[in-house]
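Below: the structure, in structure tokens.
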Ligand code: NAD
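In the working numbering, the protein residues as written are 31 to 398.
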């Protein structure tokens with residue numbers, strides 16, 4: 031009993047479901063964490079090795095992210111065990127079968143995550159009538175293509191900079207990871223006058239203190255080329271992005287890239303977190319003590335999920351952008367003001383904000 035309920039606390043999880051369909055070798059886990067704010071939105075991850083604990087932690091992170099973003103949604107997550115590079119036909123069969131088995135879990139709205147994409151969500155929608163992150167052809171807002179998360183990051187930076195007296199005109203940015211989040215963050219920040227002085231991908235770091243041409247880099251990535259192939263600038267190893275002298279350092283690649291042993295290498299004043307959990311808590315504490323302003327992931331990178339939620343309600347791309355801008359500005363300001371006032375890490379202030387929204391919603395439920 032104790033072991034089965036080892037993740038249980040005052041917030042959830044409401045359901046942990048194991049799915050096994052031997053004839054298809056389908057194995058999956060669904061965690062619906064908390065639905066006080068509304069039906070849970072959370073990605074479907076396809077990976078060979080995700081534990082139930084990790085699935086729960088990801089679901090809980092969605093509870094906070096959705097609540098902090100003021101969305102009428104709780105948090106959930108699911109994992110289908112398998113290699114996402116499996117043959118397309120088999121993948122479709124597995125995902126459709128998974129969709130069928132969650133048909134009655136009406137409190138859970140699946141979205142894309144690592145190993146699944148908008149096509150997968152189209153299959154899910156056809157099977158059970160609900161999913162987010164759909165292809166445009168079936169009513170989706172292509173959030174990675176339009177750069178919903180990068181746009182939100184730029185709005186976050188625009189507010190956070192006031193707290194450290196940083197002018198965006200001429201501010202130097204360095205971005206780790208030049209994918210869906212990183213490249214659009216660069217593009218939207220450049221519109222505000224920032225200069226991209228370094229960017230990295232798995233091939234290495236590209237640096238030029240006089241500024242990199244963002245549209246050339248985006249075109250190169252779109253053509254499947256790596257940043258190293260850019261003809262100017264200095265080429266360095268991937269890790270060298272940490273040492274770049276800049277004002278704003280944006281993690282937009284992998285989790286835990288900043289930790290106790292490397293965080294002192296950073297030479298920036300502001301770190302808006304594009305990636306999910308890019309810093310260990312220890313690294314965030316060290317940065318806080320050094321006076322570097324960190325805006326936590328679930329505040330700074332909520333643009334994508336806000337867009338998905340707007341798509342679910344049949345909204346337009348234009349309205350989604352307006353709401354992302356308004357919500358992320360408001361949340362960044364609230365969190366940084368609380369952090370300053372109560373002298374706590376921005377992450378703790380952000381958690382307080384999210385928790386109090388969930389608690390308020392929980393008090394409106396029948397059993398509270
Ligand atoms: P992506 O796959 O489009 O891009 C990731 C980029 O990171 C690629 O350019 C890759 O080359 C690079 N990369 C990988 N490992 C690296 C390393 N060690 N050093 C430097 N670069 C490296 O992914 P994405 O959608 O941009 O997501 C990036 C991060 O942001 C992930 O943590 C994701 O969970 C998070 N996130 C994404 C969204 C979204 O809307 N896409 C929303 C919220 C959070």
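Just so you know, even glycine gets a beta-carbon here, dropped at the ideal spot from N, CA and C.
Item	Value
Which of the three DSSP states, helix, strand or coil, is assigned to residue 333?	helix
Please classify residue 240: does DSSP put it in a helix, a strand, or coil?	coil
Examine the Cβ distances between the segment 307-320 and the segment 335-343 and report whether three or more of them are shorter than 8 Å.	no
Please report the residue range of the alpha helix (DSSP H) in which residue 94 lies.	82-98
Leaving out five residues on either side along the sequence, give the residues of the same chain with a beta carbon under 6 Å from the beta carbon of residue 157.	126, 129, 130
Along the chain, where does the beta strand (DSSP E) containing residue 165 start, and where does it finish?	Run containing residue 165: none; DSSP gives neither H nor E here.
Could you check the C-alpha separation between residue 12 and residue 82 for me, to the nearest Å?	Lying outside 31 to 398, the shown extent of the chain, residue 12 is not represented and no answer is given.
What number of angstroms, rounded off, separates the C-alpha of residue 166 from the C-alpha of residue 173?	10 Å
My assumption, with CB atoms under 8 Å, is that residue 281 sits in contact with residue 305. Please give the rounded CB distance.	5 Å
DSSP three-state call for residue 353: helix, strand or coil?	helix
If you draw a straight line from the C-alpha of residue 63 to the C-alpha of residue 47, how long is it?	11 Å
Using only the heavy atoms of the ligand NAD, determine whether one of them is closer than 6 Å to the beta carbon of residue 355.	no
Per the DSSP calculation, residue 377 is bridged to which residue(s)?	Residue 377 is not bridged to any residue.
Between which two residues does the beta strand (DSSP E) harbouring residue 108 extend?	105-111
What residue from 135, 104, 34 has the CA that sits closest to residue 70's CA?	104
Check whether the Cβ of residue 282 sits closer than 6 Å to any heavy atom of the ligand NAD, and report yes or no.	yes
Whole-angstrom Cβ separation of residue 111 and residue 140, contact assumed at under 8 Å?	Contact flag wrong, Cβ pair sits at about 16 Å.
Classify residue 386 as buried or exposed, calling it buried when 16 or more other Cβ atoms lie within 10 Å of its own Cβ.	exposed
Between which two residues does the beta strand (DSSP E) harbouring residue 230 extend?	225-231
So the candidates are 354, 44, 377, 368; which of them puts its Cα closest to the Cα of residue 100?	354
One question on the structure: do residue 333 and residue 312 come within less than 7 Å of each other, judged by their Cβ atoms?	no
Which of the three DSSP states is assigned to residue 179 in this structure?	helix
Contact check, residue 246 vs residue 138 under 8 Å by CB: the rounded distance?	Residue 246 to residue 138, Cβ: 42 Å. No contact.
In the DSSP assignment, what are the bridge partners of residue 297?	275
Judging by CA-CA distance, which residue of 324, 225, 182, 381 is the nearest neighbour of residue 331?	182
With a 10 Å radius around its C-beta and 16 neighbouring C-beta atoms as the bar for buried, classify residue 153 as buried or exposed.	buried
Residues in the same chain with beta-carbon distance under 7 Å from residue 123, minus the five sequence neighbours each way, listed in chain order, please.	54
Is it true that the segment 193-210 meets the segment 228-240, where meeting means three or more beta-carbon pairs spaced less than 8 Å apart?	yes
Strictly by DSSP, which residues pair up with residue 302?	325
Classify residue 235 as helix, strand or coil using the three-state DSSP reduction.	strand
Rounded to whole angstroms, what is the Cα-Cα separation between residue 392 and residue 364?	22 Å
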